[in-house]
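Worksheet: one structure, shown below.
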Amino acid sequence: MTNLEEELIESFHNTVRAFTKYDDLIRATNQLVDRTLVYFENYAVIEKPIKRHRTIVTVTPDTTFHCAKQYVDGHSTVAVLNFANPYQPGGGVEQGAVAQEECLCRSSNLYASLTSPYILANYYDRNNRKSSPFSTDAVVYSKGVTVFKSDDIIPVKLDKYFTLDVLTCAAPYYSRTYGLYDTKRYQRAFYRRIRNILEVAIGNGVDVLVLGAFGCGAFNNPPQIVAEVFRRLLIEEGYCHYFSTVTFAIKSGGENDNFEVFYRILDTTAAENVQ
């Protein structure tokens with residue numbers, strides 16, 4: 000184990016101690032756990048609101064919570080997408096992993112909402128029983144997550160906490176052990192899953208939706224395919240108009256730059272195609 004991994008593990012333990020020790024965080028966490036629900040496959044809002052927004056989809060080189068913070072104003076419902084490990088709450092956060100989900104769990108009390116008996120039984124146990132790289136289309140909606148640390152690699156306590164909602168969903172996992180990438184199969188899987196995420200967000204009255212390069216990091220999916228599915232749903236089918244703001248927070252840089260792909264497919268075409 001590296002020194003960094005040890006620091007990351009201790010940072011997570013410090014976060015857990017905080018929301019189980021301090022009265023304000025204990026109250027917020029108890030309420031969060033009580034208000035966290037699972038939405039299963041093919042969820043659909045029965046009576047959707049009117050598409051009242053002329054929304055432009057944007058892509059920004061940022062981290063999830065840092066991006067979302069600017070929209071938290073006490074009036075809008077802000078929600079972010081957590082790229083979940085379908086089998087283990089928080090992914091590898093207890094082993095010092097550094098993917099997006101682990102960062103969210105080190106900076107907030109999100110982890111508490113993912114480890115209640117109800118969520119373990121209805122989300123993680125169901126995914127584990129399926130035992131497939133595609134997992135399920137289910138979405139966990141955590142209402143009222145308190146972000147009390149920065150989302151630096153080793154987060155530090157914020158002077159002012161903020162609250163938002165989190166949609167937890169796992170992307171299909173691509174591994175070469177399963178053979179060649181079946182593009183059409185994965186496109187269908189992503190379409191169902193992302194549609195479910197958007198329907199759950201609409202059903203919970205989300206105004207500002209912060210997404211990202213869903214499944215394009217540790218889960219190895221081609222960003223071109225994922226971005227095109229997002230474009231189809233958000234822009235071509237008009238899902239973006241249910242929200243006042245839709246933005247993709249994607250850290251820029253590195254060899255495989257997901258930001259550039261998502262920006263090219265979503266940000267520039269949004270300006271041209273959203274009516």
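The sequence shown begins at 0 in numbering that gives the first Met the number 0 and counts up one residue at a time.
A virtual CB, placed ideally from N, CA and C, is assigned to each residue, including glycine.
In this structure Asn108 does not touch Thr62 by the C-beta definition: roughly 18 Å separates them, more than the 8 Å allowed. At a cut-off of 3 residues, the continuous stretches assigned as beta strand (DSSP E) that sit fully inside the segment 50-127 are 56-59 and 77-82. Taking C-beta atoms as the reference points, Cys168 and Ala137 count as a pair closer than 9 Å.
In summary, Phe64 is buried, with 16 or more beta-carbon neighbours lying within 10 Å of its beta-carbon over all protein chains present. Counted as a single uninterrupted DSSP element, the stretch harbouring Ser141 is not any alpha helix (DSSP H) but the beta strand (DSSP E) occupying residues Val138 to Lys148. Our two residues, Tyr110 and Gly214, have alpha carbons roughly 20 Å apart in a direct line. DSSP places Lys20 inside the alpha helix (DSSP H), whose first and last residues are Asn2 to Lys20. The beta carbons of Ser106 and Lys142 sit about 18 Å from each other, so the pair does not count as a contact at 8 Å. Contact between Gly89 and Glu4 does not hold, since their C-beta atoms are separated by about 15 Å, which reaches or exceeds 8 Å. Residue pairing of Lys156 in beta bridges, as defined by DSSP: Lys148.
If you draw a straight line from the Cα of Glu6 to the Cα of Glu93, it is about 11 Å long.
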